[in-house]
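Here the sequence shown stands for residues 1 to 181, where the numbers follow full-length UniProt numbering.
Glycine is no exception: its CB is placed at the ideal position from the N, C-alpha and C atoms.
None of the values given here were measured: they were computed from a predicted structure.
Okay, structure first, notes after.
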Amino acid sequence: MLKIEELVHAYIHSQCDFEKEIVLTNHFQADWEADILIINSEGFSHEIEIKLSKSDFKNDFKKCYVNTTTGEKFLKHDKICCGDYICNSFSFLLPMGMIEHSVIPEHCGIIEFYHNVDSWETEFYFIRKPKNVHEDSYWKLTDKDLFIRKMALNLLSKKMEVKGKHEELIFKNPFDIKKSK
1 MLKIEELVHA
11 YIHSQCDFEK
21 EIVLTNHFQA
31 DWEADILIIN
41 SEGFSHEIEI
51 KLSKSDFKND
61 FKKCYVNTTT
71 GEKFLKHDKI
81 CCGDYICNSF
91 SFLLPMGMIE
101 HSVIPEHCGI
111 IEFYHNVDSW
121 ETEFYFIRKP
131 KNVHEDSYWK
141 LTDKDLFIRK
151 MALNLLSKKM
161 EVKGKHEELI
171 FKNPFDIKKS
181 K
């Protein structure tokens, strides 16, 4: 069975232009995590949500969040379809034929994949282009400096995580370090 990390790797390395796009995986934005976030050179963003089962797909429409300032509850896809969302467009990446296209909201793009287990090749089919839900640049809606700092912190964390898998690392508790200063 194809693991999600393998699917992400196959997608970004066959479909993304790393010279012109910022490509992030498992990136937290707003109140939820984007499986794949692509920001092009003009600052327009596209979130791609991967769903490998029908139940996971259905649950995406139940994701409810609470605005910490107002206490207002809202559903993720209600925010997306009305344009009150940080990304310009949103797509689902699904196994071929898993979901009827008619049940996927019109604002969502549809990308299907077929994975050949014999050759270990994965092919992607762009079924429906996502609609732009707004025309604001990602950089107009987010603090670019904070974004860069978060990317740097995530890179450092991943480096330590990988290094820690190969050798035993012992770190002081960062909260103890702060208290002593």
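Whole-angstrom distance between cysteine 64 and glutamate 72, CA atom to CA atom: If you number the sequence shown from 1, residue 72 lands on position 72. If you number the sequence shown from 1, residue 64 lands on position 64. Rounded to whole angstroms, glutamate 72 to cysteine 64 spans 10 Å at the Cα level.
Might you give, ordered along the chain, the residues of its own chain that have their beta carbon closer than 6 Å to the beta carbon of leucine 94, omitting 5 neighbours on each side? As a first step, residue 94 must be located in the sequence shown, where it is residue number 94. Lys51 and Glu112, listed in sequence order.
For methionine 96, count neighbouring Cβ atoms within 10 angstroms of its own Cβ and tell me buried if that reaches 16, exposed if not. Locating residue 96 in the sequence shown gives position 96, where the first residue counts as 1. Answer is exposed; the Cβ neighbour count stays below 16.
Apart from the five residues on each side of it in sequence, which residues of its chain come closer than 8 Å, Cβ to Cβ, to isoleucine 86? Walking along the sequence shown from the start, residue 86 turns up at place 86. Correct list, in chain order: Gln29, Ala30, Ser45, Tyr138, Leu141 and Thr142.
Decide if methionine 1 is buried, meaning its Cβ has at least 16 other Cβ atoms within 10 Å, or exposed. On the sequence shown, residue 1 is found 1 positions in, with the first residue counted as 1. That one is exposed.
At which residues does the alpha helix (DSSP H) containing isoleucine 80 begin and terminate? The residue given as residue 80 occupies position 80 in the sequence shown. Its alpha helix (DSSP H) spans residues 76-81.
Please report how far the alpha carbon of lysine 181 lies from the alpha carbon of glutamate 135, in whole angstroms. For the purposes of this step, residue 181 is taken as residue 181 along the sequence shown, with counting starting at 1. For the purposes of this step, residue 135 is taken as residue 135 along the sequence shown, with counting starting at 1. Reliability fails at lysine 181, whose pLDDT of 49 lies under 50, so the model's placement of it is uncertain and the value that follows must be treated cautiously. Lysine 181 and glutamate 135: Cα-Cα distance of roughly 46 Å.
How big is the Cα-Cα spacing for serine 14 and glutamate 47? Within the sequence shown, the letter at position 14 stands for residue 14. Within the sequence shown, the letter at position 47 stands for residue 47. Between serine 14 and glutamate 47, the C-alpha separation is close to 17 Å.
Please work out which residues of its chain come closer than 7 Å, Cβ to Cβ, to glycine 83, disregarding the five sequence neighbours upstream and downstream, and give them in chain order. The count along the sequence shown starts at 1 and reaches residue 83 at position 83. If we look at glycine 83 and ignore the five residues flanking it on each side, its Cβ neighbours are Val133 and His134.
Would DSSP call tryptophan 120 helix, strand or coil? In the sequence shown, residue 120 corresponds to position 120, counting from 1. Residue state, collapsed to three classes: coil.
Let me know the secondary structure DSSP gives isoleucine 104 once reduced to three states. Translated into positions along the sequence shown, residue 104 becomes position 104. DSSP places isoleucine 104 in coil when its eight states are reduced to three.
Let me make sure I understand the geometry here. Which of Gly109, Leu146 and Thr69 has the alpha-carbon closest to that of histidine 77? Here residue 77 corresponds to residue number 77 of the sequence shown, with the count starting at 1. The residue with the shortest Cα to Cα distance from histidine 77 is Gly109.
State the start and end residues of the unbroken beta strand (DSSP E) segment that holds serine 41. Numbered from 1 along the sequence shown, position 41 holds the residue referred to as residue 41. Segment: none, serine 41 is in no beta strand (DSSP E) and carries neither H nor E.
CB contact flag (methionine 98, lysine 54, <9 Å): By one-based count along the sequence shown, residue 98 stands at place 98. By one-based count along the sequence shown, residue 54 stands at place 54. In contact: methionine 98 and lysine 54 (Cβ atoms closer than 9 Å).
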